[in-house]
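K.L.:
My questions all concern the structure below.
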Amino acid sequence: MDRFYRLLAHGYLPKELPPIFSSVAFAKAIHTEGYSKRLEAKKWQRSCSYLLQQKPHYKRRLDIIAPHAIFKQAHIIASNYKQLSRAFTNINGNCSCPAFNRKTKFRRAVRPYAIGIGYANRKLDLRARFPMILKLDIKNYYRSVYTHSIPWAIHGKKYAKANFRAEILGNKIDKAIREGQDGQTIGIPTGPDTSFIVSEVIMCRIVDALIKKRSIKADRFVRYYDDFEYGCETEDEAHRVLCAFEDVLREYELETNSDKVKIISGPKQIESPWLFKLRQLEWSKGIKTDYIIEMFAAISEIAEQYPNDHVYRYFLSRMKTCIVKDAAWSAYEKILLTILQENQGNAKEVFDQLVAYRHIGYPINKRLLKEVLDRKILIQLRMGVTSELSWFLYGYMLFDLTFSNDMVRRVFERGDVPSRILAVKLAQTHGLSFKAEVTACVRDWDGDVLNSPEWLLAYETMAHNWQRRGVSVPLHAETKELYEVLIDKQVSFLDETIITRVEIPSAFKSKKVSKQKEEGVIEPDNPDIMKCLLDEEDDDSLDDEVAEASDSDEDEELDNDEE
Numbered sequence: 010m011d012r013f014y015r016l017l018a019h020g021y022l023p024k025e026l027p028p029i030f031s032s033v034a035f036a037k038a039i040h041t042e043g044y045s046k047r048l049e050a051k052k053w054q055r056s057c058s059y060l061l062q063q064k065p066h067y068k069r070r071l072d073i074i075a076p077h078a079i080f081k082q083a084h085i086i087a088s089n090y091k092q093l094s095r096a097f098t099n100i101n102g103n104c105s106c107p108a109f110n111r112k113t114k115f116r117r118a119v120r121p122y123a124i125g126i127g128y129a130n131r132k133l134d135l136r137a138r139f140p141m142i143l144k145l146d147i148k149n150y151y152r153s154v155y156t157h158s159i160p161w162a163i164h165g166k167k168y169a170k171a172n173f174r175a176e177i178l179g180n181k182i183d184k185a186i187r188e189g190q191d192g193q194t195i196g197i198p199t200g201p202d203t204s205f206i207v208s209e210v211i212m213c214r215i216v217d218a219l220i221k222k223r224s225i226k227a228d229r230f231v232r233y234y235d236d237f238e239y240g241c242e243t244e245d246e247a248h249r250v251l252c253a254f255e256d257v258l259r260e261y262e263l264e265t266n267s268d269k270v271k272i273i274s275g276p277k278q279i280e281s282p283w284l285f286k287l288r289q290l291e292w293s294k295g296i297k298t299d300y301i302i303e304m305f306a307a308i309s310e311i312a313e314q315y316p317n318d319h320v321y322r323y324f325l326s327r328m329k330t331c332i333v334k335d336a337a338w339s340a341y342e343k344i345l346l347t348i349l350q351e352n353q354g355n356a357k358e359v360f361d362q363l364v365a366y367r368h369i370g371y372p373i374n375k376r377l378l379k380e381v382l383d384r385k386i387l388i389q390l391r392m393g394v395t396s397e398l399s400w401f402l403y404g405y406m407l408f409d410l411t412f413s414n415d416m417v418r419r420v421f422e423r424g425d426v427p428s429r430i431l432a433v434k435l436a437q438t439h440g441l442s443f444k445a446e447v448t449a450c451v452r453d454w455d456g457d458v459l460n461s462p463e464w465l466l467a468y469e470t471m472a473h474n475w476q477r478r479g480v481s482v483p484l485h486a487e488t489k490e491l492y493e494v495l496i497d498k499q500v501s502f503l504d505e506t507i508i509t510r511v512e513i514p515s516a517f518k519s520k521k522v523s524k525q526k527e528e529g530v531i532e533p534d535n536p537d538i539m540k541c542l543l544d545e546e547d548d549d550s551l552d553d554e555v556a557e558a559s560d561s562d563e564d565e566e567l568d569n570d571e572e
């Protein structure tokens, strides 16, 4: 397994970006070129910010770090993974220890060790054994990590401080992360799998310190990322454990989130109670109009009761296993567009459903869909840009909707970097003249643009020649070699072929195959064709979606006034 390639290809860009953004071509180019010191940056870079819309008034900042930064971070981590993995102890309570995926067709390079029902079972075990549970997490964990604490976690604080200038692994990772965030020592990037690995090294060492130095028992805790639960006999014991935890966190320049510290007793919930209510609904094939309307009414009421949980997202995930009847499609399509208009970050799940139904021949009301997307884009540009803007633009690509020059101009003026890139791509696709606006932008850039938060837009402009002839994107002498290699190998971080390779749920593949067999399009008993058309879904996929849907972490909340 080539961990370096996988981290670059499947663990670089935030998974929450529209799938047209891909780093596979980048990984192939770097892998072919081979690691070389000459391609490393000799200058600090800054990442593009991407505000992830997860619920109303809650936006989580993700980072699209510069290629020099991921190049160096991934190489150091992959080359020394055996040493780093020593921190991932065999303590059952550490449920989010990293594990490299062997299949990465629709997954990340790295995943947590225990997810979904496995994590829930561990929490249930604590409740069965102890009368009280201490619940806590770390305040703004990724954004609070002190990068100099990375060598403390890998080598021990005393040794790391005595060798703070030495070429030891912890110092190399510390430096590589700082170089990718303008030299800042507070925080690590949110998005790449390299940060996930580093964060878990620190968290596992914190757990080790609690067990070895603070008499915390290994079989009494469950941890998933920075969320902890600990089984206690008495309330006094819970307070003692909390103090021990806070003491160890201070050693790493971290602190607990005081709003989320709880001591619970009795048969308290493990998962959100609304999950049980939704599971009681009839998830069957051939849903009729009256039932889908009644189902939506029930789900809307649940969503109103639990505004901080992703109720609609879970509903749409469950609908991957169901197919509404032809006569019910018009009603269900309107339900999907109603959910799309909620400020909940559900564009991906809505589009997945629309694509799946298009796959089996159900008509898409493009006029109505375009009307919704146009309205949502204008709201984003007026009220504050989030990840939804780039997803709405991606929707235009998925469903081949017309896009006006005026809309391109508005997005290019006020959008974030991913949405500006997609706007230019849409203009190009629809034959709209937009080179003058891009050229004006290029002329405003200085030689440091490819090390700035606009690096991705600048690179894609350079890679696709979006500007007018005779005008070029400036390259800084200390970072240009890697970009020159990427341009020479015709690398783009846009993969347009993904639009024709969208994942289709198994239920919809089966429906299409059955229909084609009836119509005589394919041979009824051809096992080779059936094997190609019907890929089995991962049994754990729904567990993953449940865990994500019920995650209501609000540590990094950004209201519109704070943007």
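Position in the sequence shown counted from 1, then plus 9, gives you this note's numbering. From the three backbone atoms N, C-alpha and C, an ideal C-beta is built for every residue, glycine too. All values derive from a computational prediction rather than experimental measurement.
Within this structure, are the beta carbons of Ile332 and Gly295 separated by less than 9 Å?
P.N.:
Yes; because the gap between Cβ atoms is below 9 Å, this pair is in contact.
K.L.:
Here's the rule: buried if 16 or more other CB atoms are within 10 angstroms of the residue's CB, otherwise exposed. What is Ile195?
P.N.:
Its Cβ having fewer than 16 others within 10 Å, Ile195 is exposed.
K.L.:
Consult DSSP for Val433 and reduce its assignment to one of helix, strand or coil.
P.N.:
Helix at Val433.
K.L.:
Return the CA-CA distance between Ala336 and Asn352, expressed in angstroms with no decimal places.
P.N.:
So the two alpha carbons sit approximately 29 Å from each other.
K.L.:
Using DSSP bridges, identify the partner residues of Lys576.
P.N.:
Absent from the model: residue 576. The displayed extent of the chain is 10 to 572, so no value can be given.
K.L.:
Does DSSP classify Pro427 as helix, strand or coil?
P.N.:
Helix at Pro427.
K.L.:
Taking buried to mean at least 16 other C-beta atoms within 10 Å of its own C-beta, is Lys540 buried or exposed?
P.N.:
Model confidence at Lys540 stands at a pLDDT of 45, short of 50, so the residue's coordinates are unreliable; what they give is reported in the following sentence. That one is exposed.
K.L.:
Can you list, in chain order, the residues of its chain with a C-beta nearer than 7 Å to that of Phe109? Leave out the 5 residues immediately preceding and following it.
P.N.:
Met10, Arg12, Arg15, Ala118 and Val119, listed in sequence order.
K.L.:
Quick one: is Asp183 buried, meaning 16 or more other Cβ sit within 10 Å of its Cβ, or exposed?
P.N.:
Asp183 is buried by the Cβ-count criterion.
K.L.:
DSSP puts Tyr7 in a beta bridge; with which residues?
P.N.:
Outside the shown range of the chain, which is 10 to 572, sits residue 7, and nothing can be said about it.
K.L.:
Could you check whether Tyr44 and His84 sit closer than 9 Å to each other, using their CB atoms as the reference points?
P.N.:
Their beta carbons are under 9 Å apart, which means His84 touches Tyr44 by this criterion.
K.L.:
Give me the Cα-Cα distance between Asp361 and His19, rounded to the nearest whole angstrom.
P.N.:
So the two alpha carbons sit approximately 20 Å from each other.
K.L.:
Out of Ile197, Asp146, Ala253 and Tyr403, point me to the one whose CA is closest to Tyr234's CA.
P.N.:
Among Ile197, Asp146, Ala253 and Tyr403, the Cα nearest to that of Tyr234 is on Asp146.
K.L.:
How is Val333 classed by DSSP in three states: helix, strand or coil?
P.N.:
Here Val333 sits in strand by DSSP.
K.L.:
Taking contact to mean 3 or more Cβ pairs, one atom from each stretch, closer than 8 Å, check whether the segment 128 to 137 and the segment 224 to 243 are in contact.
P.N.:
Output reads yes: the segment 224 to 243 touches the segment 128 to 137.
K.L.:
So, with DSSP's three-state summary, where would you put Phe109?
P.N.:
DSSP places Phe109 in strand when its eight states are reduced to three.
K.L.:
Looking only at its own chain, which residues have a Cβ that is under 7 Å from the Cβ of Gln476, when we skip the five neighbours before and after it?
P.N.:
Closer than 7 Å at the Cβ level, and outside the excluded window around Gln476, lie Lys444, Val447, Thr448, Val451 and Thr470.
K.L.:
Note the first and the last residue of the continuous beta strand (DSSP E) segment covering Met141.
P.N.:
Note, Met141: beta strand (DSSP E), Met141 to Asp146.
K.L.:
From the DSSP output, which residues share a beta bridge with Leu4?
P.N.:
Nothing about residue 4 can be read from this structure; the chain reaches only from 10 to 572.
K.L.:
Please work out which residues of its chain come closer than 7 Å, Cβ to Cβ, to Met304, disregarding the five sequence neighbours upstream and downstream, and give them in chain order.
P.N.:
Answer for Met304: Leu290, listed in chain order.
K.L.:
Report yes if the CB atom of Gly189 is closer than 9 Å to the CB atom of Ile79, and no otherwise.
P.N.:
Contact flag set, yes.
K.L.:
If you pair each beta-carbon of the segment 435 to 443 with each one of the segment 413 to 425, do three or more pairs fall below 8 Å?
P.N.:
Touching, yes, given that three or more Cβ pairs across the two stretches are closer than 8 Å.
K.L.:
What are the boundary residues of the alpha helix (DSSP H) that includes Ile373?
P.N.:
Ile373 -> no alpha helix (DSSP H), and no H or E assigned at all.
K.L.:
To the nearest angstrom, how far is it from the Cα of Ile348 to the Cα of Lys286?
P.N.:
Between Ile348 and Lys286, the C-alpha separation is close to 19 Å.
K.L.:
Assign Leu465 to one of two classes, buried (16 or more other C-beta atoms within 10 Å of its C-beta) or exposed (fewer than that).
P.N.:
When all chains shown are included, Leu465 counts as buried.
K.L.:
Hey, would you say Ala516 sits closer than 9 Å to Lys329, going by beta carbons?
P.N.:
Closer than 9 Å, so yes.
K.L.:
Mark Thr509 as exposed unless 16 or more other C-beta atoms lie within 10 angstroms of its C-beta, in which case mark it buried.
P.N.:
Classification for Thr509: exposed.
K.L.:
By the DSSP assignment, the alpha helix (DSSP H) with Asp497 in it spans what residues?
P.N.:
Unbroken alpha helix (DSSP H) run through Asp497: Lys489 to Asp497.
K.L.:
Check Lys91 in the structure and name its three-state DSSP category.
P.N.:
Helix, per DSSP.
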